[in-house]
Amino acid sequence: MWYFAWLLGLPLAVVFAVLNGLWFELREDAARGQPDPDAF
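Take the sequence shown: its letters are residues 42 to 81, numbered as in the numbering used here.
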């Protein structure tokens with residue numbers, strides 16, 4: 042049943058990587074003082 046770990050682990054790792062990248066971009070823009078273009 043090792044494949045269940047891969048089946049759950051790989052998508053979770055991908056989601057974590059994408060969220061980490063988005064968070065990094067938001068932090069980088071905030072550090073530069075640029076306003077968020079999607080903010081209301």
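We put the beta carbon where it would ideally sit given N, CA and C, even for glycine. These numbers come from a predicted model, not from an experiment.
Contacting residues, own chain, Cβ-Cβ under 6 Å from residue i (five flanking each side not counted)
{"i": "Val-59", "result": "none"}
Limits of the alpha helix (DSSP H) - the one that residue i falls within
{"i": "Gly-74", "result": "Gly-74 -> no alpha helix (DSSP H), and no H or E assigned at all."}
Residue i beta carbon near the ligand FAD (any heavy atom closer than 6 Å)
{"i": "Met-42", "result": "In the structure shown, the ligand FAD is absent, as is every other ligand, since no ligand is present at all."}
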